[in-house]
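Asker: Same order as they appear, the protein sequences are chains D and H.
Per my numbering: the first sequence = residues 355 to 597.
Per my numbering: the second sequence = residues 355 to 597.
Cβ coordinates follow ideal geometry from the N, Cα and C atoms, glycine included.
Protein chains: 2
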Amino acid sequence: MTEATRREKVRAETERDIRRQARALLVAHGRDAVTLRAIARELGITAPALYRYYDSREDLLNHLCEDICRDLDAELSAALTELPDAPAPAQVFAVCREFRRWALAHPQEFALVFASTDTTVPCAAGGGRVDEQFGRVFLEVAAKLVASDPAPAPHAADVPAELHDDLRYYQQILIAAVADKGGRVDESVLHLGAIHHILQSWVRLYGHVALEVFGRFPFAVSNPEPMFDLMLTQMIGEMGVTA
Amino acid sequence: MTEATRREKVRAETERDIRRQARALLVAHGRDAVTLRAIARELGITAPALYRYYDSREDLLNHLCEDICRDLDAELSAALTELPDAPAPAQVFAVCREFRRWALAHPQEFALVFASTDTTVPCAAGGGRVDEQFGRVFLEVAAKLVASDPAPAPHAADVPAELHDDLRYYQQILIAAVADKGGRVDESVLHLGAIHHILQSWVRLYGHVALEVFGRFPFAVSNPEPMFDLMLTQMIGEMGVTA
DNA sequence: GAACTTAGTGAACGGTGTTTACCGAGTTGG
DNA sequence: CCAACTCGGTAAACACCGTTCACTAAGTTC
Numbered sequence: 355m356t357e358a359t360r361r362e363k364v365r366a367e368t369e370r371d372i373r374r375q376a377r378a379l380l381v382a383h384g385r386d387a388v389t390l391r392a393i394a395r396e397l398g399i400t401a402p403a404l405y406r407y408y409d410s411r412e413d414l415l416n417h418l419c420e421d422i423c424r425d426l427d428a429e430l431s432a433a434l435t436e437l438p439d440a441p442a443p444a445q446v447f448a449v450c451r452e453f454r455r456w457a458l459a460h461p462q463e464f465a466l467v468f469a470s471t472d473t474t475v476p477c478a479a480g481g482g483r484v485d486e487q488f489g490r491v492f493l494e495v496a497a498k499l500v501a502s503d504p505a506p507a508p509h510a511a512d513v514p515a516e517l518h519d520d521l522r523y524y525q526q527i528l529i530a531a532v533a534d535k536g537g538r539v540d541e542s543v544l545h546l547g548a549i550h551h552i553l554q555s556w557v558r559l560y561g562h563v564a565l566e567v568f569g570r571f572p573f574a575v576s577n578p579e580p581m582f583d584l585m586l587t588q589m590i591g592e593m594g595v596t597a
Numbered sequence: 355m356t357e358a359t360r361r362e363k364v365r366a367e368t369e370r371d372i373r374r375q376a377r378a379l380l381v382a383h384g385r386d387a388v389t390l391r392a393i394a395r396e397l398g399i400t401a402p403a404l405y406r407y408y409d410s411r412e413d414l415l416n417h418l419c420e421d422i423c424r425d426l427d428a429e430l431s432a433a434l435t436e437l438p439d440a441p442a443p444a445q446v447f448a449v450c451r452e453f454r455r456w457a458l459a460h461p462q463e464f465a466l467v468f469a470s471t472d473t474t475v476p477c478a479a480g481g482g483r484v485d486e487q488f489g490r491v492f493l494e495v496a497a498k499l500v501a502s503d504p505a506p507a508p509h510a511a512d513v514p515a516e517l518h519d520d521l522r523y524y525q526q527i528l529i530a531a532v533a534d535k536g537g538r539v540d541e542s543v544l545h546l547g548a549i550h551h552i553l554q555s556w557v558r559l560y561g562h563v564a565l566e567v568f569g570r571f572p573f574a575v576s577n578p579e580p581m582f583d584l585m586l587t588q589m590i591g592e593m594g595v596t597a
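(1) Under 8 Å between the Cβ atoms of GLY384 (chain H) and THR400 (chain D)?
(2) Please list, in chain order, the chain D residues whose beta carbon lies closer than 9 Å to that of LEU434 (chain H).
(3) Go through the stretch 393-465 of chain D residue by residue and report every complete run of the alpha helix (DSSP H) that reaches 4 residues or more, in order.
(4) Can you list, in chain order, the residues of its chain whose CB lies under 6 Å from that of GLU642 (chain H), leaving out five sequence neighbours each side?
(5) At 4 residues or longer, what runs of the alpha helix (DSSP H) sit wholly inside the stretch 499-571 of chain H?
(6) Taking contact to mean 3 or more Cβ pairs, one atom from each stretch, closer than 8 Å, check whether the stretch 546-565 of chain H and the stretch 585-595 of chain H are in contact.
(7) Using a Cβ cut-off of 7 Å, pull out every chain H residue sitting near TRP556 (chain D), in sequence order please.
(8) Quick check: GLN525 (chain D) and LEU546 (chain D), are their CB atoms within less than 8 Å of each other?
(9) Let me know the secondary structure DSSP gives PHE468 (chain H) once reduced to three states.
(10) Taking Cβ to Cβ, would you say LEU437 (chain D) is nearer than 8 Å to VAL449 (chain D)?
(11) At a Cβ cut of 8 Å, what residues of the stretch 522-544 of chain D count as close to chain H, listed as they run along the chain?
(12) By how many angstroms is the C-alpha of ALA378 (chain H) removed from the C-alpha of ALA548 (chain D)?
(13) May I ask you to list, following chain order, the residues of the stretch 456-472 of chain D that have a beta carbon less than 7 Å from some beta carbon of chain H?
(14) Expressed to the nearest angstrom, what Euclidean distance is found between the alpha-carbon atoms of SER576 (chain H) and THR389 (chain D)?
(15) Can you say whether ASP413 (chain H) is buried or exposed, counting buried as having 16 or more other CB atoms within 10 angstroms of its CB?
(16) Check the Cβ of GLY489 (chain D) against every Cβ in chain H and list those closer than 7 Å, keeping chain order.
(17) Sort H:LEU404, H:PHE571 and H:LEU418 by Cα distance to PHE468 (chain H) and report the nearest one.
(18) Can you list, in chain order, the residues of its chain whose CB lies under 7 Å from that of ALA394 (chain D), leaving out five sequence neighbours each side?
(19) If we count the other Cβ atoms within 10 Å of its Cβ and call it buried at 16 or more, is HIS550 (chain H) buried or exposed?
(20) Can you give me the Cβ contacts of VAL563 (chain H) inside the same chain, cut-off strictly under 6 Å, excluding the 5 residues immediately before and after it?
(21) In chain D, which residues lie less than 8 Å from PHE580 (chain H) when you measure between Cβ atoms?
(22) What does the alpha-carbon distance come out to for the pair PHE582 (chain D) and ARG391 (chain H)?
(23) Between VAL575 (chain D) and chain H, is there a C-beta pair that is closer than 8 Å?
(24) Shorter than 8 Å from the beta carbon of LEU493 (chain D) to some beta carbon of chain H?
(25) By Cβ distance, which residues of its chain are closer than 7 Å to PRO514 (chain D), with the 5 residues on each side in sequence left out?
(26) Anything in chain H within Cβ reach of MET585 (chain D), meaning under 8 Å, just list it in chain order.
Rendered as structure tokens:
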């Protein structure tokens, strides 16, 4: 069997090498530096050989995106499994802080995956499946937090009717995702107001992190971390649980 | 005098032409398409001639950023002056909606100015001056809104001590900015809690708009506009004024 | 009108993505 | 075992790119 797949084996290996080199170039010198010729040079082959593995540079970048999403997902999941028995608010806190830490440590990857007009992120919106998605861990743990709240959140009826369809659709997706993980949520608990609040939390989490990564706060914040933590505290507090 | 500046005149004109073409390329085909050779081709000159105007492509892109910031600023100001006597909440609402409208209509410009790791935005954070800054109009009008609120905002003491220095610094900048416009704000009205809330509003505004421009909402929102409006309503409502 | 400044040129260098024809080793079937 | 076939890799070529340099010609200044 080893002999039968020998060629496939070396193929898979060089494919990994290609992406590893591409990733290294991205990290070191940014997206524009991810060059087919540079990758090939580093691997000791020629650029056209890469076309045996990817249709184009664009295609390679898309696959790179997927890799990055997978890695981010793994890191977030790891941060979560480090405190399996912690209360839901603490878990949300941990996942969010890990997301910020990762983004600041990997600005080029963050920019490619989360702030690119041209790159179609396969693991992002569109599929509808919450699995294989960048915000998966955050959204799941946020849903769990809301679900763990016995009291109904305050602003449930504030959601305008125009949003009901979209939110209901996403509600089903989230409920299914939590169910897959062994949890059980009711529609009355994870109501549309709660769904909207989870989305708003994603807006704030993404907003802060992106502003920090790109340095677009209106003034130079000497230490953004307490500001981030304060935002999380307020965010989680507003989810209904008295953190 | 006309003859004395004749050369300068044509120089200024071609300089404008260069940026106009660069802008057109950016809009049409994205940042990577903004090519010295393509610009020159469109202008009927050769690429090296552009070096008489800009040190490098990077330099040109930075100047392009400034242009874009100026344009955005003008559009936001125009939206504001269209309702000069409107109550402060309505003004904030209008400026925010205009920002979203502009970003969605100019995704490439938005990406260049607001979500770029390499481009040092001269009109963004750093200078400390609120003038010549991207968020200027939003931040000023938000400050005005908070200032117009007679009642002290609820969460003034929640801000942790670590943030005081940064917020106090920005408080002075904002007060000075409002004062320049003829307004008058007191430190007790535009207190640190209010400053923090303005920053949080910027986080949410930026977060939503960027997520929409880059298509990074966790699921496909069929019509994001009511969601945006809802966010604004909540945001403005939390500023203390009963919108 | 001489001296000087300056916008623009053309050629060149090294880099890029991509296509094409080709080769040679790995695999497969008779 | 050998012919047929698959497939990863190559070299050459094309059309781009940013950037530098020597040079020209027109505008400006004295």
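Answerer: Taking the geometry as given:
(1) The residue you call residue 384 (chain H) lines up with position 30 of the second sequence. The residue you call residue 400 (chain D) lines up with position 46 of the first sequence. Not closer than 8 Å, so no.
(2) As a first step, residue 434 (chain H) is located in the second sequence; it is residue number 80 there, counting from the start. Those within 9 Å of LEU434 (chain H) in chain D number zero; the least Cβ separation is about 17 Å.
(3) 411-435 and 442-459
(4) Lying outside 355 to 597, the shown extent of chain H, residue 642 (chain H) is not represented and no answer is given.
(5) 518-534 and 546-568
(6) yes
(7) As a working mapping, residue 556 (chain D) is identified with position 202 in the first sequence. Against chain H, the beta carbon of TRP556 (chain D) has neighbours under 7 Å at PRO572, listed in chain order.
(8) Taking the first sequence and counting its residues from 1, one reaches residue 525 (chain D) at position 171. Taking the first sequence and counting its residues from 1, one reaches residue 546 (chain D) at position 192. Yes. Within cutoff.
(9) Here the question's residue 468 (chain H) lines up with position 114 in the second sequence. Of the three classes helix, strand and coil, the one that applies to PHE468 (chain H) here is helix, per DSSP.
(10) What you label residue 437 (chain D) is simply residue 83 of the first sequence in a count that begins at 1. What you label residue 449 (chain D) is simply residue 95 of the first sequence in a count that begins at 1. In this structure, VAL449 (chain D) does not lie closer than 8 Å to LEU437 (chain D) by Cβ.
(11) TYR523, TYR524 and ILE527
(12) To locate residue 548 (chain D), count along the first sequence from 1; it is residue 194. To locate residue 378 (chain H), count along the second sequence from 1; it is residue 24. Answer to the nearest angstrom: the Cα atoms are 43 Å apart.
(13) PRO461, GLN462, ALA465, PHE468, ALA469, SER470, THR471 and ASP472
(14) The count along the second sequence starts at 1 and reaches residue 576 (chain H) at position 222. The count along the first sequence starts at 1 and reaches residue 389 (chain D) at position 35. About 36 Å.
(15) Stepping through the second sequence from its first residue, residue 413 (chain H) is reached at position 59. Exposed, because fewer than 16 other Cβ atoms sit within 10 Å of the Cβ of ASP413 (chain H).
(16) As a first step, residue 489 (chain D) is located in the first sequence; it is residue number 135 there, counting from the start. Neighbours of GLY489 (chain D) on chain H, chain order: PRO572.
(17) Within the second sequence, residue 468 (chain H) is the residue found at index 114, counting from 1. If we check each option's Cα against that of PHE468 (chain H), H:LEU418 comes out closest.
(18) Position 40 of the first sequence, counted from the first residue, corresponds to residue 394 (chain D). So the list reads THR400, ALA401, ALA403 and LEU404, once near-sequence residues are dropped.
(19) The sequence position of residue 550 (chain H) within the second sequence is 196, counting from 1. Buried, by the Cβ-count rule.
(20) Within the second sequence, the letter at position 209 stands for residue 563 (chain H). So the list reads ARG454 and ALA457, once near-sequence residues are dropped.
(21) Indexing the second sequence from 1 puts residue 580 (chain H) at position 226. The question names Phe, but residue 580 (chain H) is Pro in the sequence shown. Per Cβ cutoff of 8 Å: PRO514, GLU516 and LEU517.
(22) By 1-based counting over the first sequence, the position of residue 582 (chain D) is 228. By 1-based counting over the second sequence, the position of residue 391 (chain H) is 37. Cα to Cα, PHE582 (chain D) sits roughly 44 Å from ARG391 (chain H).
(23) Indexing the first sequence from 1 puts residue 575 (chain D) at position 221. Judged by the 8 Å Cβ criterion, VAL575 (chain D) is in contact with chain H.
(24) Your numbering for residue 493 (chain D) matches position 139 in the first sequence. Yes, LEU493 (chain D) lies at the interface with chain H (some Cβ there is under 8 Å from its Cβ).
(25) On the first sequence, position 160 is the one that residue 514 (chain D) refers to. Counting only Cβ-Cβ distances below 7 Å, and skipping sequence neighbours, we find nothing.
(26) Locating residue 585 (chain D) in the first sequence gives position 231, where the first residue counts as 1. The contacting residues are GLN554 and VAL557.
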